[in-house]
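Undergrad:
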Amino acid sequence: MSDGLRIDKWLFFARFFKSRSLAATIAESGETILNGQVVSKAAQTVKAGDELIFFTGPRRRRVRVLALGTARRPAPEARTLYEELT
Numbered sequence: 001m002s003d004g005l006r007i008d009k010w011l012f013f014a015r016f017f018k019s020r021s022l023a024a025t026i027a028e029s030g031e032t033i034l035n036g037q038v039v040s041k042a043a044q045t046v047k048a049g050d051e052l053i054f055f056t057g058p059r060r061r062r063v064r065v066l067a068l069g070t071a072r073r074p075a076p077e078a079r080t081l082y083e084e085l086t
């Protein structure tokens, strides 16, 4: 297994967005920040320990990636992939 996962896949697996294409759109919006750097591509890699800032509707989310996941799972399992920082 690789040590990273595409940011759009991770956002989808963590259940922040209903579709991977929506997650990709948000990742490429210019308003998503990974470890202090603006994300420009949905294919950018996230790893455990990374800090991510993005918007879900009007809400600003700041999370720490705890695990990557291998598929979209039920919400209680998805919550184990991240820690809310705000």
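Heads up, the sequence shown is in my numbering, so the first residue is 1 and it goes up one at a time. Idealized CB from N, CA, C, for every residue including glycine. The structure displayed is predicted, hence computed values, not measured ones.
(1) When the Cα of SER40 is compared with those of ARG61, ASP8, THR86, which residue comes out closest?
(2) Could you pull the start and end residues of the alpha helix (DSSP H) that GLU77 belongs to?
(3) Determine, using beta carbons only, whether GLU77 and PHE55 come nearer to each other than 7 Å.
(4) For ILE53, I'd like the list of residues in its chain whose CB is within less than 6 Å of its CB, leaving aside the five on either flank, ordered along the chain.
(5) Could you please give me the residues that DSSP links to PHE55 through a beta bridge?
TA: If we stick to the structure as given:
(1) ASP8
(2) 75-78
(3) no
(4) ILE33, ARG62
(5) ARG60
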